[in-house]
Amino acid sequence: MPLVNLSDMINHASRHNYAVGAFGVDNLDFLEGIMQAAENCRAPVVLNLIESHFQGSDFDLLMAATQTAARRAAVPVAINFDHGTTLASAEHAIRAGCNGVMVDTSALPFSENLWQTRDVVTKAHACGVTVEGELGYVPGVEGVSAEQHPGEMTYTSAAEAKVFVERTGVDCLAVSIGTVHGRKKGVPKLDFARLAKIKEATAVPLVIHGGSGLSDDQFRRLIANGVAKINYYTALADAAGRHIRDNASTGSKGDLGLLLAGVRDAVRVEVERCLHLWGSGGRAAEVLAQCRPWHEVEHVVLYNVPEEVSESDVAAIMREGKKSLIAIPGVRNIRAGRAIQSDGKYRYCWLISLSSQSAVEVYRNHPDLLHFSNKVFWPVATDRIELDMEES
7 MPLVNLSDMI
17 NHASRHNYAV
27 GAFGVDNLDF
37 LEGIMQAAEN
47 CRAPVVLNLI
57 ESHFQGSDFD
67 LLMAATQTAA
77 RRAAVPVAIN
87 FDHGTTLASA
97 EHAIRAGCNG
107 VMVDTSALPF
117 SENLWQTRDV
127 VTKAHACGVT
137 VEGELGYVPG
147 VEGVSAEQHP
157 GEMTYTSAAE
167 AKVFVERTGV
177 DCLAVSIGTV
187 HGRKKGVPKL
197 DFARLAKIKE
207 ATAVPLVIHG
217 GSGLSDDQFR
227 RLIANGVAKI
237 NYYTALADAA
247 GRHIRDNAST
257 GSKGDLGLLL
267 AGVRDAVRVE
277 VERCLHLWGS
287 GGRAAEVLAQ
297 CRPWHEVEHV
307 VLYNVPEEVS
317 ESDVAAIMRE
327 GKKSLIAIPG
337 VRNIRAGRAI
347 QSDGKYRYCW
357 LISLSSQSAV
367 EVYRNHPDLL
377 HFSNKVFWPV
387 ATDRIELDME
397 ES
């Protein structure tokens, strides 16, 4: 299970002067193409799930596939929720299995961006989840990107970046130095002097959004000036789109399978180019050795109740428990039921999935759990056993 701590992965890249790629995952073709490229290049990779891409589709369904791909990979993988719009959406992403989140409040005034980001950090760090903040504003320039990232560019101030990082506690910082979301005619002009000042002023790895369209030399200079994570999507979408158009022009006759044939490889080729260019190729083994594995935890409770407590009473307790506990940060899922065997030692069970080891302490000390346990559960479940289990 090579899911690893995202902060560890990015810090490794920062210390060794390369950048990890955070590639946008839109569907299974993108997911499989990205993962095949990472395996071929023996590179760490971040699977980026961008909130705005799921306005017309089911985030949780693709998240399940993304987790499956990450768990069976032989290279280190992290799953990041990108450009979330609210704290609630970040909490949902953590519950779904992301081990990194970014809520984009960069268009807000500095003070409001700071306190909203700090709230995300408080909730996410309690679960061991990495948080990326953004200071300065990276706009979109064409099509959907312009709609999702409206307005004019605001460059990141090194002085404000220092304060922002110190007061929010973010693990990495996305900066605005001239890149844009989406497509732009010509090569963007980047303010490398500004980037160098930001690097000097802050103590966290830096992130670039809008990586598509940059030259090879610009990528190298970004990495030399502290960029350790590069978000990359539009060029993958363009590669996929070109391939579909080529298929359409060569006799696909509207057949969906023929139109999509080879899209996965088109994505793979572009990701492989980036992984080699950004220096992450061949790093998988050392990243796995130096980064903490990301283990989910199952909190198991086996219990009995006195004979005078009816099945309907137990069912009511289970319903109340599910309703009370599911909102605790780090709780991914709650299952409760009764044993099929009639001759077992315990008749009932809770199985509570937690996002990480860090989430265990948050769960055990949360007021909602303590209230439910003290007032509802423990008075009837006097014969019980509890344990926390992680996959080995």
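Okay, so the sequence shown: first residue is 7 according to our numbering, each after it adds one. Even for Gly, the Cβ is constructed at its ideal location relative to N, Cα and C.
Taking 4 residues as the minimum length, the alpha helix (DSSP H) runs contained wholly in the region 294-369 are 317-331, in order along the chain. According to the DSSP assignment, Leu53 belongs to the beta strand (DSSP E) that extends over Val51 to Ile56.
Taking the Cα positions, Gly62 is about 17 Å away from Ala99. Only buried fits Lys205, as 16 or more other CB atoms lie within 10 angstroms of its CB.
Judged by DSSP secondary structure, Cys178 falls within the beta strand (DSSP E) whose first and last residues are Cys178 to Val181. His305 places its beta carbon less than 8 Å from that of Asp394. Taking 8 Å as the upper bound for CB-CB distance, Ala49 and Gly217 are not in contact here, some 15 Å apart. Put simply, of Leu262, Ala165, Ala84 and Ala333 the residue whose alpha carbon is nearest the alpha carbon of Ala94 is Ala333. Under the rule that a run must span 3 or more residues, the beta strand (DSSP E) segments found entirely inside the region 15-68 read 26-30 and 51-56. Taken atom to atom, the span from the alpha-carbon of Leu37 to that of Val137 is near 22 Å. Judged by DSSP secondary structure, Asp222 falls within the alpha helix (DSSP H) whose first and last residues are Asp222 to Ala230. Taking the C-beta atoms as reference points, Val107 is found nearer than 8 Å to Val126. Boundaries of the alpha helix (DSSP H) harbouring Thr174: Ala164 to Thr174, taken from the DSSP string. Minimum Cα-Cα distance from Arg289 among the listed residues Glu57, Asp64 and Ala80 corresponds to Ala80. Note on geometry: alpha-carbon atoms of Glu57 and Thr91 lie some 8 Å from one another.
When DSSP reads this structure, Ile85 sits in a beta bridge with Leu53. The closest CA to that of Asn54, considering only Ser362, Asn33 and Asp88, is found on Asp88. Around the CB of Val31, 16 or more other CB atoms lie within 10 Å, so the residue is classed as buried.
Sequence-distant Cβ neighbours of Ala267 in its own chain, meaning closer than 7 Å and more than five residues away, are Asn253.
In terms of Cα proximity to Ser112, the closest of Val337, Gly142, Glu276 and Ala132 is Gly142.
Of the residues Ile391, Lys129, Gly103 and Glu326, the one whose Cα lies closest to the Cα of Cys355 is Ile391.
Proximity to His282 across Asp66, His22, Cys47 and Met41 peaks at Cys47, based on C-alpha coordinates. Closest in alpha carbon position to Ser316, among Ala272, Leu360, Trp284 and Ala387, is Ala387. Within its own chain, the residues whose Cβ lies closer than 8 Å to the Cβ of Leu196, once the five positions on either side in sequence are excluded, are Ile183, Gly184, Thr185, Leu220, Gln224, Arg227 and Leu228, listed in chain order.
In this structure, Ile16 sits near Val26, with a CB-CB distance shorter than 8 Å. As a beta-bridge residue in DSSP terms, Leu393 pairs with Val306. Assignment of Thr92 by DSSP, reduced to helix, strand and coil, places it in the coil class.
Note that the C-beta distance between Thr162 and Arg101 is not below 8 Å.
Ranked by Cα distance from Ala70, the first of Asn231, Glu45, Cys104 and His59 is Cys104. Per DSSP, Asn380 lies in no beta strand (DSSP E) and is assigned neither H nor E. With respect to the C-alpha of Leu360, the residue from Leu331, Glu276 and His377 having the closest C-alpha is Leu331.
Classified as buried, Asn11 has 16 or more neighbouring CB atoms from the shown chains inside 10 Å of its CB. In this structure, Arg338 keeps its C-beta atom at 8 Å or more from the C-beta atom of Leu357.
As computed with DSSP, Lys235 is found in a beta bridge with Val26 and Val213. Around the beta carbon of Gly134, 16 or more other beta carbons sit within 10 angstroms, so the residue counts as buried.
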